[in-house]
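Have a look at the structure below, then the notes.
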Amino acid sequence: MKHPKYILFATFDNFTKARDVVMELKVLDLREKIIDDIDLFSPIEHPDVEEMLGEIHQPIQRFTFFGAVTGALCSFLLVAAAAQSMFTVQPQGGKAVIPLPTDIVIAYEGTILFGVLCTLGAFLAYAGLPRRLSKHYNEKVSDDQIGIEVTTAKENIGAIKDVLNKFEPLEIREITQ
Amino acid sequence: MKDIEWSRINKDVLESLQSPRPLFWVVIAICVLVVLVGVGAEKYQYDNGLGVALMNRPHYWQLYISNFVFWIGMSHSGTLLSAILLLTKADWRKPIYRFAEAMTLFSILTAALFPIIHLGRIWDLYWVMPYPNERTIWPNFRSPLLWDAAAITTYATSSALFLYVGMIPDMAICRDNATGWRKPLYTALSLGWMGRAREWMAFRKTYVIVACFLVPLAVSVHSIVASDFAMSIVPDWHITSFPPYFVAGALYSGCAAIITLFVMLRYLFRFEAYMTEEIMEKIAKLTFAIALVWNFLNLGEYVSIWYSNDMFEKEVLIQKFIGPYAPVVWGMLICAMIAPFAMAFQKVRRSMWGMFWLSIVLQLGMWLERFQIVSPPLASNHEPWTWSVVWPGTIQLTITAASFAWFTMLFLLFCKVFPSISMYEVKEMAFHRRREGLHDEVENIHDIQEEIIKTERGLT
C-alpha cells in the first residue's frame, strides 16, 4: 500500500532567509534522509537557486536545434516540391526549377519559425505547464514572499517544522497529497 | 528609477488596468469613430474597384504600400530592441519592453491589412500562399512578395509568442489579484504558473533563445521588404543598399514610436515612477544614434545614384528634389534628417512633452520617406509617355488615417487589459539595484573601518 505524502509549504519575507532554510533542510536530509523533495516558489528568479537546489537538467536548446534543422529542411523541401509540381504547367524559360537563392530565403524563415515553436514546446514540457494550481499555493508568492515546499512522510513533519519555525516563517500550510 | 517595494509595483501596475485617466476613453472613442469611417471607405473601394483610390498605371503602388512599409518598419523596433537589450543585459529596458513588444504585434497586424486592401480582389488573397498546383495556380517563388508572406508570418508568430511568454509570470500576478471577467482570462493565460524554481529556469533559458532568433529574423523581414523594391528594375528602387537602409529606417521610426507611446502611457496610466526621465534619455540617445546611421545610408544612396551616372536613376533623383513631389522629399529631409539633431541637447532629451512632439515629427518624416520611395519613381519611369503625377485620393487618405486609429485603439485596449509594464522584471531590477546598493554600502563600511584602524595605529 502506498503511504500518503505530506507537503509543508512555508513562506518567508526574503531570499536570504529562504536560502538559509533550504541549506538547513538539506543538512537535515543528509543526516536523517527524511525529505522526498524541496521546491522553491518566488516572485522573481532566486539569484542563488542553482546553489540551493542544484542544477535542474533542462536541455531546451536541444529541442531548439532539432526544430531549427527540421524547419530548414521542411521549408526547403516544401518550396522545392511545390516548384517541381508546377514544372509541367509553368514554363521556366531556362531558369532553374529549384532556384537555390529563393529556397534559402524561405528555409531561413522556416528555420526560425520551427526553432521558436520547438523551443516553446520544450519550455512548456520542462516547466510543467499548463497545470492546475496546487492546493497549497499561496498567492502572496506572486506578490513579495518566497515559498518553500517540502514533501515528506507523516512521521517527519515535526522535525521539518522545527527547522522552518527556526527561521520565523510568515505562514506554514500542511497538506496531505 | 527609485527603489520601489515589490508589493507596491504590483499595486501600481494593477491599478493602471482599472483606472486610467478620462482622456483614455476620449482617445478610444475617437479611434473607434475613425476606424468605422475607414471600414466604410474600404467597403466603397471593395464595391467599386481600385479605381476609386486613384490607382492606375503607372501608379499601381501608392499609399497602401507606403503604409505597409511604414507599419512593418514600426513593428521592427519593439521586438528587436527588446531582444537586443535583453541579450546585452541593459536593465533599463525592463519598464518599457512590454509595451514596445505589444507595439510590434499591433503594427504588424496593421501592416498585414495593407497588402489585402491593396489587392483590390481580396477574395484571391490565398493565391499568395505556396501550395502545389492542382488548381493551376502558379506562385512565383522567385518573387520577394512571396518571401514577404513567409517572413511576415514568421515574424508575427514569433513576436506574438515572445510577447506572450514574457507575460506569463505577470499573468499569474494578475490572476492572483483579479476578480470578475478578468479572473478566468488571466487564469487561462497564466497556464498555472506558480513561480517554481524549475519554471523560472525554463523560462529564462527559453526567453534568451527566442530573443536570439528574433534579432536575425527582424533584420531579415525588413531586408525582404526592401527586396520588394530593390529586385525590380524601376529606377530609384533598384539599389543595392536598400536592405540596410530599410532596416535602419525601420529601427529609427520604431524608436520614435516607442517615445510617443512612452509619453502617452506615462500620462494616461500614471506611470511616472516607472517611466522616468533617465529611461527617456537613454531611448533618445539610442534614437539619435540610429537617426545618424539612417542619415548616412540616405546620403549614401543619393551619392551612389549620382556617381553611377545611370541617366534614368539620375533623372528620377533630380525629379525628386525639383519635381512635383519635391515638397514631400524636402519635408522628409527636414523632419527625419535635420529634426533629430535636437536630441543632441540633454534638455530636449529629458523633456517628456518635448520628446513627444519631436517623436511625432520624426514619424511624420519617416512616413513621408516611405511615400517618396514608392510614388516619385513610378511618376517618372523608363517610359516618358507614361509619366504622370497622381496624389493619393480621399479613399486612400481615409484608410491611412483609419490604420493609425486602428493601431492606437488595439494598443490602448491591450494596455487596459494586460499590464503594459513587466512587473516581475521591474521587481528584478529593484532587487538587483538594492543588492548592489547594499554591496556598495558594505564596501564603504570596510573602507571606513580600515581608515579607523589606520588612524588608531597612527595615534598609538
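One line per chain: the protein sequences are Z and A, in this order. Under our numbering, the first residue of the first sequence carries the number -13, and numbering increases by one thereafter. Under our numbering, the first residue of the second sequence carries the number 2, and numbering increases by one thereafter. C-beta atoms are modelled at their ideal positions from N, C-alpha and C, and glycine is treated no differently.
Can you tell me the Cα-Cα spacing of residue i and residue j, whole angstroms?
i, j, result
"A53/A", "L64/A", "Inspection of the sequence shows that residue 53/A is occupied by Val rather than by Ala. Cα to Cα, V53/A sits roughly 13 Å from L64/A."
"K206/A", "H77/A", "23 Å"
"E279/A", "Q364/A", "22 Å"
"G332/A", "L369/A", "7 Å"
"A327/A", "P244/A", "24 Å"
"K12/Z", "F(-2)/Z", "17 Å"
"I73/A", "S28/Z", "38 Å"
"E437/A", "V427/A", "15 Å"
"Y98/A", "L110/Z", "23 Å"
"F52/Z", "I210/A", "13 Å"
"I158/Z", "D148/Z", "11 Å"
"E95/Z", "L269/A", "38 Å"
"M430/A", "S8/A", "14 Å"
"K1/A", "D92/A", "Lying outside 2 to 461, the shown extent of chain A, residue 1/A is not represented and no answer is given."
"M(-13)/Z", "S120/Z", "The predicted model places M(-13)/Z with a pLDDT of 49, which falls under 50 and marks its position as unreliable; any figure quoted below should be read in that light. Roughly 24 Å between the two C-alpha positions."
"M367/A", "F408/A", "17 Å"
"V304/A", "E384/A", "24 Å"
"S17/A", "L164/A", "19 Å"
"A30/A", "T261/A", "19 Å"
"G41/A", "T158/A", "29 Å"
"M56/A", "V220/A", "31 Å"
"M85/A", "V216/A", "Correcting the residue identity first, residue 85/A is Ile in this sequence and not Met. About 7 Å."
"L14/Z", "I20/Z", "8 Å"
"M232/A", "D48/A", "33 Å"
Under the rule that 16 or more other beta-carbon atoms within 10 Å means buried, what is residue i, buried or exposed?
i, result
"N382/A", "buried"
"G57/Z", "buried"
"L106/Z", "buried"
"N310/A", "exposed"
"D171/A", "buried"
"H32/Z", "buried"
"W148/A", "buried"
"I413/A", "It is worth fixing the name first, because residue 413/A is Leu in this sequence and not Ile. The residue is buried, with at least 16 neighbouring Cβ atoms inside 10 Å."
"H223/A", "buried"
"A189/A", "exposed"
"P185/A", "exposed"
"T162/Z", "exposed"
"V248/A", "buried"
"K3/A", "Confidence at K3/A is low in this model, with a pLDDT of 44, below 50, so the placement of that residue is unreliable and no value is reported for it."
"G40/Z", "exposed"
"L88/A", "exposed"
For the alpha helix (DSSP H) that residue i lies in, which residues bound it at each end?
i, result
"R159/Z", "Looking at the DSSP string, R159/Z is not in any alpha helix (DSSP H); the run it does join, the beta strand (DSSP E), is 157 to 162."
"F357/A", "353 to 380"
"H462/A", "No answer is possible for residue 462/A: the residues shown for chain A start at 2 and end at 461."
"H32/Z", "Segment: none, H32/Z is in no alpha helix (DSSP H) and carries neither H nor E."
"E278/A", "278 to 309"
"P116/Z", "Note, P116/Z: premise wrong, no alpha helix (DSSP H); not H, not E."
"K315/A", "312 to 323"
"Q397/A", "395 to 418"
"K44/A", "24 to 49"
"P170/A", "145 to 178"
"W7/A", "7 to 19"
"Y188/Z", "No statement about residue 188/Z is possible, as the shown extent of chain Z runs from -13 to 163 and does not include it."
"V349/A", "347 to 350"
"W331/A", "327 to 333"
"H383/A", "Premise fails: H383/A is in no alpha helix (DSSP H) and is neither H nor E."
"N57/A", "No alpha helix (DSSP H) contains N57/A, which DSSP labels as neither H nor E."
"L150/Z", "143 to 152"
"R94/A", "Segment: none, R94/A is in no alpha helix (DSSP H) and carries neither H nor E."
"I118/A", "98 to 120"
"A340/A", "Counting along the chain, A340/A falls outside any alpha helix (DSSP H), and DSSP gives it neither H nor E."
"Y275/A", "Counting along the chain, Y275/A falls outside any alpha helix (DSSP H), and DSSP gives it neither H nor E."
"S421/A", "Here S421/A belongs to no alpha helix (DSSP H), and DSSP marks it neither H nor E."
For residue i, list the residues DSSP reports as bridge partners.
i, result
"L26/Z", "I134/Z"
"I21/Z", "T138/Z"
"R197/A", "F27/Z"
Got a sec, what are the start and stop residues for the beta strand (DSSP E) residue i sits in?
i, result
"F263/A", "It is not in any beta strand (DSSP E) - F263/A instead sits in the alpha helix (DSSP H) that spans 243 to 269."
"A(-4)/Z", "-8 to -2"
Strictly below 8 Å CB to CB, what residues from chain C border residue i?
i, result
"V166/A", "This model lacks chain C altogether, as its protein chains are Z and A."
Exercise. Whole alpha helix (DSSP H) runs in the stretch 213 to 240 of chain A with 4 or more residues, listed along the chain?
Worked result: none
In chain order, which continuous runs of the alpha helix (DSSP H) of length 4 or greater are located wholly inside the stretch 52 to 101 of chain Z? none
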